[in-house]
Amino acid sequence: MSEFKVKSDIEIAQESELLPIQKIADRVGLSSEDVEYYGKYKAKISYEKIRELQKNKDGKVILVTSINPTPAGEGKSTVTVGLGDALGRLGKKTMIALREPSLGPTMGIKGGATGGGYAQVLPMEDINLHFTGDLHAITTANNALAALLDNHMHQGNELNIDPRRIVWKRAVDLNDRALREIVIGLGGPMQGVPRQDGFDITVASEIMAVLCLSSDLEDLKHRIARMVIAYTYDRKPVTVKNLGVEGAIALLLKDALKPNLVQTIEHTPAIVHGGPFANIAHGCNSVMATKTAAKLADYVVTESGFGADLGAEKFLHIKSRNAGLQPEAVVIVATIRALKMHGGLAKNELTFENIMALEKGLENLMKHIETVSHFGLPYVVAINRFSADTESEITVLQKWCERYSIPVALTEVWEKGGKGGLELAEKVLQEIDRNERSFTYLYDIQAPIEEKIRTIVQKVYGGKDVEFSVKALKQLKDFEQFGWGNLPICMAKTQYSLSDDPKKPGRPVDFIIHVRELKPKLGAGFIVALTGEMMTMPGLPKNPAAYGMDVDEKGRAIGLF
17 MSEFKVKSDI
27 EIAQESELLP
37 IQKIADRVGL
47 SSEDVEYYGK
57 YKAKISYEKI
67 RELQKNKDGK
77 VILVTSINPT
87 PAGEGKSTVT
97 VGLGDALGRL
107 GKKTMIALRE
117 PSLGPTMGIK
127 GGATGGGYAQ
137 VLPMEDINLH
147 FTGDLHAITT
157 ANNALAALLD
167 NHMHQGNELN
177 IDPRRIVWKR
187 AVDLNDRALR
197 EIVIGLGGPM
207 QGVPRQDGFD
217 ITVASEIMAV
227 LCLSSDLEDL
237 KHRIARMVIA
247 YTYDRKPVTV
257 KNLGVEGAIA
267 LLLKDALKPN
277 LVQTIEHTPA
287 IVHGGPFANI
297 AHGCNSVMAT
307 KTAAKLADYV
317 VTESGFGADL
327 GAEKFLHIKS
337 RNAGLQPEAV
347 VIVATIRALK
357 MHGGLAKNEL
367 TFENIMALEK
377 GLENLMKHIE
387 TVSHFGLPYV
397 VAINRFSADT
407 ESEITVLQKW
417 CERYSIPVAL
427 TEVWEKGGKG
437 GLELAEKVLQ
447 EIDRNERSFT
457 YLYDIQAPIE
467 EKIRTIVQKV
477 YGGKDVEFSV
487 KALKQLKDFE
497 QFGWGNLPIC
507 MAKTQYSLSD
517 DPKKPGRPVD
527 FIIHVRELKP
537 KLGAGFIVAL
547 TGEMMTMPGL
557 PKNPAAYGMD
567 VDEKGRAIGL
577 F
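If you number the sequence shown the way our numbering does, the last residue is 577 and the count never jumps.
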């Protein structure tokens, strides 16, 4: 008797039937004139149609977040896709809005970001690789700006830029630690002005954040113009507008700004567009994607990166403020496996039942529930079931939720697709119908930068206080003087812990968050606070996922997950 083999995500994807993209477009009222085809199964939605849709009523937005991620996996994208498919099975006109994967984690340790099992967006190989070229366009725009800036320095430096205070870095959409700190312009006067430089990963570039937060091309251009790229010798900020190249940079992004239309395995229309990380950027897909989906469908299921301490907080404080979007309900994804890791188990111990570790790990889930509650939003906990979960463990989690009157649904979308998400979909709809929203921001946008950071640390992370480096204290003073104090905060923090120490899972207490540096992102419209040892250019693990990737003689991808 042959051993049963569980199919991989890519095998399931490659065996699934894709409909021509126009048939998917038809489902949400998009004609062939409204979309621009990128092959048979991908399309971009035209600017003309997006403008026309503004007269439509907005659908209800459902935000999917999770507990702090662990190496055991949470499956947030999988639940997002499965919930969208389940709502479709219930007869609801639904769209899904996701971020685009970055090649860095795809070829590194995390893998792709198109869901999993029978809850995936397709074509997964294309989306996880080059897709419609959006990330390449963002990379090119970022590096064109860097080249134009260095050329300005070489040609006489009329703006009096101090080469020691250039803050605009180059970018590449890969994990490459060797590029974090580099020296450029070597080789003599004809090779430019020598200076220290470095690379960010593309998804940490402000160009990515600007594209994701722009409402149209004009807004994109205005945001690019506001970006701070350097400081003068007398320490005044220099913007792209001062350099005079905002038009050229916007030109490189004119097609990338259009949202991408694809489909799930069950043919639910999905928009996949934009991809900022949530640990070093704001972690949400584009405003144009979510708003367009809300104009086309009655329900939009979208996600934010990592746990509620990062992605959901930034969705609500940055994206919601910027776009006027407020979710009707939040789904908090948790797995038995991840909760046991938060309870102290190692990854190789997760296949064994351990009620004690599970109960300890529930402290992490409770903090994320409290955070969502602080914002005044209804929520449902989704138990994303894995094959090794025991009935006793599931019962413990369900009874814990029952004890605290927490809405909960067992979710099996990886194995069963939308059918496995019906309970979750019904619970979410019940919470939307039952609750009157009392959404509130946790900080006043006009509050000082330091106060806003402290509010996030104490109310969202559960920390004791925040500590600023000497450099950050100087920046606090400078930024307020420059008039940048009335911007929201984008915390750059490890995703693995509520604290800034990735080795502290669960629900640590009495911890201090250490802010080492602040970065103005005026185009994006927020201030980044770098905490702990967070890097804006990740490195590769000892055994990158790329080692298992290949392509067959028919051009089909192998080893993507």
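Note that CB positions come from ideal geometry on N, CA and C, so glycine has one too.
One Cα belongs to residue 413, the other to residue 549, and the distance between them is close to 34 Å. Taking the Cβ atoms as the reference, residue 148 lies roughly 5 Å from residue 276, within the contact range of under 8 Å. Shown here, residue 401 sits in coil according to DSSP, grouped into three states, outside any helix or strand. If you ignore the 5 residues before and after residue 462, its C-beta comes within less than 7 Å of the C-beta of 502, all in its own chain and listed in chain order.
Using a C-beta cut-off of 8 Å, the region 110-127 makes no contact with the region 347-358, since fewer than three inter-stretch Cβ pairs fall below that distance.
Collapsing the DSSP output to three states places residue 82 in a strand. If you draw a straight line from the Cα of residue 310 to the Cα of residue 111, it comes to about 8 Å. Where residue 242 is concerned, the enclosing alpha helix (DSSP H) starts and stops at 233-242. Under the 10 Å beta carbon count, residue 134 is surrounded by 16 or more other beta carbons and is classified as buried.
A residue is called buried once 16 or more other Cβ atoms fall within 10 Å of its Cβ, and residue 249, having fewer, is exposed. Bridge partners of residue 60 according to DSSP: 52 and 276. The three-state secondary structure of residue 336, taken from DSSP, is helix.
Taking 8 Å as the cut-off, the beta carbon of residue 37 is found no closer than this to the beta carbon of residue 50.
Rounded to whole angstroms, residue 555 and residue 195 show a C-alpha spacing of 10 Å.
In the DSSP annotation of this structure, the continuous segment of the beta strand (DSSP E) that includes residue 484 starts and ends at 481-484. Secondary structure note for residue 213: its beta strand (DSSP E) is the uninterrupted segment 211-213. Under the 8 Å Cβ criterion, the region 467-479 does not count as touching the region 417-428, having fewer than three qualifying pairs. Here the C-alpha atom of residue 67 lies approximately 23 Å from the C-alpha atom of residue 154. In this structure, 278 is the residue among 278, 428 and 526 with its C-alpha nearest to the C-alpha of residue 52. Under the three-state reduction of DSSP, residue 255 is assigned to strand. Counting along the chain, residue 303 sits inside the alpha helix (DSSP H) bounded by residues 303-312. Secondary structure of residue 217 (DSSP, three-state): strand. Apart from sequence neighbours up to five positions away, the residues of its chain that approach residue 213 with a beta-carbon distance below 6 Å are 198 and 200, ordered along the chain.
With 16 or more neighbouring CB atoms inside 10 Å of its own CB, residue 395 falls in the buried class. The shortest C-alpha to C-alpha distance from residue 553 to any of 267, 292 and 346 is the one to 292. In chain order, 25, 94 and 430 place their CB closer than 6 Å to the CB of residue 132, counting only its own chain and leaving out the 5 sequence neighbours on each side.
The C-beta distance from residue 402 to residue 128 rounds to 19 Å, too long to fall under 8 Å, and the pair is not in contact. The C-beta distance from residue 508 to residue 547 rounds to 6 Å, short enough to fall under 8 Å.
Inter-residue distance for residue 543 and residue 536 is about 5 Å (C-alpha atoms, whole angstroms). In this structure, the straight-line span from the alpha carbon of residue 208 to that of residue 170 is close to 5 Å. Around the beta carbon of residue 477, 16 or more other beta carbons lie within 10 angstroms, which makes this residue buried.
Distance check between residue 123 and each of 145, 103 and 139 places 145 closest, using alpha-carbon atoms only. Cα atoms of residue 216 and residue 411: separation of roughly 45 Å, rounded to the nearest angstrom. Residues of the same chain with a CB within less than 8 Å of the CB of residue 559, apart from the 5 flanking positions on each side, do not exist.
Of 377, 432 and 335, the smallest CA-CA separation from residue 86 is found for 377. In the three-state scheme derived from DSSP, where H, G and I count as helix and E and B as strand, residue 504 is classed as coil.
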